[in-house]
């Protein structure tokens, strides 16, 4: 069950608060919220909502999120499509008891763009995202481990088993050590420069 509150948020049966991109945009313009991006640094560097602050889910700290907000502001979190920001909201549920409202922006930055709201794009950052790199590494290792277990030694089955345990831990805790490690690699560090623009002006 979902109900609409007078302040523009919706509350689900699990007491998670959500708001549409248009509502979040209005809050940003009026200074009523701080918008926290829980994607990885490379994703934020490539494309971000103007005024958003970065706090990746892999290193998410509810107290740090609360410290980013000024007194009276809501904490709004977003990611690419809404899944990671939902996880962040669950991790930050205790902030409501401290009087800090935590709101998930539904649909993430993809929904924000679908509403033709502005985004900043850094044209100097290229390549695939950290999360896709993580998926590629896990996929290759799982295939290699399975092949080694089948053709060489059954004990190599420990490799895909270890990867499965890691994915289970990441899903349960919202943290991914592999994503943090890959994100620190030299090729994933954002290049400095001012080659950025806002959609609707120099970007398509």
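In this note's numbering, the protein residues as written are 86 to 289.
Yeah, the Cβ is synthetic: ideal placement off N, Cα and C, and Gly gets one too.
Fair warning: this is a prediction, and the values are worked out from it, not measured in the lab.
First and last residue of the uninterrupted alpha helix (DSSP H) at residue i
i	result
residue 172	168-176
residue 222	215-236
residue 251	243-258
residue 151	147-152
residue 264	262-268
Paired residues, beta bridge with residue i - DSSP
i	result
residue 165	According to DSSP, which records beta bridges pairwise, residue 165 is partnered with nothing at all.
residue 121	138 and 162
residue 273	Paired residue(s): none; residue 273 is not in a bridge.
Pairwise C-alpha distance: residue j and residue i
i	j	result
residue 242	residue 181	44 Å
residue 261	residue 195	23 Å
residue 234	residue 154	51 Å
residue 123	residue 173	8 Å
residue 188	residue 112	12 Å
residue 159	residue 236	56 Å
residue 240	residue 270	31 Å
residue 253	residue 193	24 Å
residue 232	residue 165	34 Å
residue 138	residue 202	17 Å
residue 207	residue 238	47 Å
Reference residue i, options the options, closest by Cα
i	options	result
residue 247	236, 269, 190 and 224	224
residue 209	270, 249, 114 and 127	127
residue 152	130, 109 and 183	183
residue 132	272, 258, 234 and 197	197
residue 186	162, 139 and 107	162
residue 213	138, 155, 129 and 115	129
residue 157	119, 149, 169 and 165	119
residue 265	205, 217 and 134	217
residue 147	134, 136 and 177	177
residue 258	201, 175, 134 and 240	175
Own chain residues within Cβ distance below 7 Å of residue i, not counting five before or after
i	result
residue 226	244 and 248
residue 115	none
residue 145	123, 173, 176 and 259
residue 149	140
Other residues of its chain near residue i: CB distance less than 8 Å, five sequence neighbours each side excluded
i	result
residue 268	125, 126, 127, 141, 143 and 215
residue 190	103, 104, 105, 106, 109, 120, 161, 162, 163, 167, 170, 196 and 197
residue 272	212
Any non-hydrogen atom of the ligand PLP closer than 7 Å to residue i Cβ
i	result
residue 215	Absence of the ligand PLP from the depicted structure is noted, as is the absence of any ligand whatsoever, leaving it without description.
Same chain, Cβ closer than 6 Å to residue i, neighbours up to 5 away in sequence not counted
i	result
residue 263	219
Neighbour flag for residue i against chain B, beta carbons, 8 Å
i	result
residue 251	Given the protein chain composition of this structure (a single chain), no chain B is represented.
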